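Asker: Below you will find the structure I want to go over with you.
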Amino acid sequence: MLLPPSTRHGKTSIMLAFIRFADATSAWFGKAFAWLIILMTFGTSFEVFVRYLLNRPTPWALDLSFIMYGTLFMMGGAYTLSLGGHVRGDFLYRLWKPRTQAALDLVLYLIFFFPGVTALIFTGWKYAARSWSYGEVSINSPAGIPIYQFKTVMAAAGILLFIQGIAQVLRCILCLRDGRWFEAEVDIEETEEILIREKQAELAGGKE
Numbered sequence: 006m007l008l009p010p011s012t013r014h015g016k017t018s019i020m021l022a023f024i025r026f027a028d029a030t031s032a033w034f035g036k037a038f039a040w041l042i043i044l045m046t047f048g049t050s051f052e053v054f055v056r057y058l059l060n061r062p063t064p065w066a067l068d069l070s071f072i073m074y075g076t077l078f079m080m081g082g083a084y085t086l087s088l089g090g091h092v093r094g095d096f097l098y099r100l101w102k103p104r105t106q107a108a109l110d111l112v113l114y115l116i117f118f119f120p121g122v123t124a125l126i127f128t129g130w131k132y133a134a135r136s137w138s139y140g141e142v143s144i145n146s147p148a149g150i151p152i153y154q155f156k157t158v159m160a161a162a163g164i165l166l167f168i169q170g171i172a173q174v175l176r177c178i179l180c181l182r183d184g185r186w187f188e189a190e191v192d193i194e195e196t197e198e199i200l201i202r203e204k205q206a207e208l209a210g211g212k213e
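With the working numbering applied, the sequence shown corresponds to residues 6 to 213, in that order.
This is the structure in structure tokens:
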């Protein structure tokens with residue numbers, strides 16, 4: 006039974022609104038936590054300076070670098086997912102029609118992605134709650150850096166991935182219906198992609 010155009014348009018609008026919401030949320034968190042790269046750079050540079058020039062290594066640099074890198078990796082996962090940036094064995098996938106890609110993605114999201122992310126949320130919440138209960142600190146250095154806040158990142162990252170996963174499923178549904186992907190707004194671009202595009206434009210210009 007075909008839906009009336011108004012109903013179909015309304016459902017499409019709701020799906021697109023959620024996709025945009027999820028993309029915007031993932032992008033905000035991804036960009037916010039990307040600033041940890043700057044802190045890691047300064048922290049590591051400071052450690053190298055005091056360790057090798059002053060012979061006075063810090064007791065906290067190793068732990069902080071682990072915490073910041075892990076936080077950056079986890080909190081940027083949903084943003085990367087929204088842009089299709091995760092590793093994919095696409096030597097066959099990229100040759101398929103969009104509807105075939107969407108059908109495969111939909112099945113994989115339902116069978117593997119959501120169970121895994123749900124486990125991450127509940128397990129992360131359990132570890133975080135236990136860690137907060139006794140104020141867990143790192144045993145890797147004498148500084149005793151608190152790590153209970155880092156354990157909380159696991160649950161937070163899982164929630165972000167779950168929200169973005171719903172958006173990706175909606176993308177699959179729209180693609181199965183319309184035969185084309187609803188792409189996220191691209192605000193970053195790989196250098197190699199820029200170079201490829203410039204080279205293609207240069208070759209195209211030479212043929213004219």
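Glycine is no exception: its CB is placed at the ideal position from the N, C-alpha and C atoms. Keep in mind the model is a prediction, meaning the values are calculated, not measured.
(1) Going by DSSP, which residues form a beta bridge with PRO151?
(2) Would you kindly work out how many angstroms separate the C-alpha atoms of LEU111 and PHE117, rounded to a whole number?
(3) Please report the straight-line C-alpha distance between GLY170 and VAL55, rounded to a whole angstrom.
(4) Which same chain residues, not among the five before or five after GLY35, have their C-beta less than 6 Å away from its C-beta?
(5) So, with DSSP's three-state summary, where would you put PHE96?
(6) Count the other CB atoms within 10 Å of the CB of GLN154; is the residue buried (16 or more) or exposed (fewer)?
(7) Express the C-alpha separation of LEU166 and MET6 in angstroms, rounding to a whole number.
(8) Closest to ARG61 by C-alpha separation, out of LEU67, GLU52, LEU69, would be which residue?
(9) Smallest Cα separation from ALA124: which of LEU113, TRP137, ALA160, PRO103?
(10) In three-state DSSP terms, what is THR30?
(11) Count the other CB atoms, across all protein chains shown, that sit within 10 Å of the CB of LEU77; report buried if there are 16 or more and exposed otherwise.
(12) Taking ASP68 as the reference, give the member of PHE23, LYS131, ASN145, ASP183 with the closest Cα.
(13) Within a Cβ cutoff of 8 Å, which residues of the same chain sit near PRO147, ignoring the five residues on either side of it in sequence?
(14) Could you spell out the range, first to last residue, of the alpha helix (DSSP H) harbouring PHE78?
(15) What does the alpha-carbon distance come out to for the pair ILE42 and LEU179?
(16) For a quick check, are the C-beta atoms of THR46 and SER70 less than 8 Å apart?
(17) Quick one: is SER138 buried, meaning 16 or more other Cβ sit within 10 Å of its Cβ, or exposed?
(18) In this structure, how does DSSP classify HIS91 when only helix, strand and coil are distinguished?
(19) So that I know if they touch, is there some Cβ in chain B lying closer than 8 Å to that of HIS14?
Answerer: Concretely, from the data shown:
(1) VAL142
(2) 10 Å
(3) 44 Å
(4) GLY81, TYR84
(5) helix
(6) exposed
(7) For MET6, the predicted model reports a pLDDT of 46, less than 50, meaning its position is unreliable; a value from the coordinates is still stated below. Roughly 34 Å separates the two Cα atoms.
(8) GLU52
(9) ALA160
(10) helix
(11) buried
(12) ASN145
(13) PRO64
(14) 66-80
(15) 36 Å
(16) no
(17) exposed
(18) coil
(19) Checking the listed chains, one finds no chain B in this structure; it contains a single protein chain.
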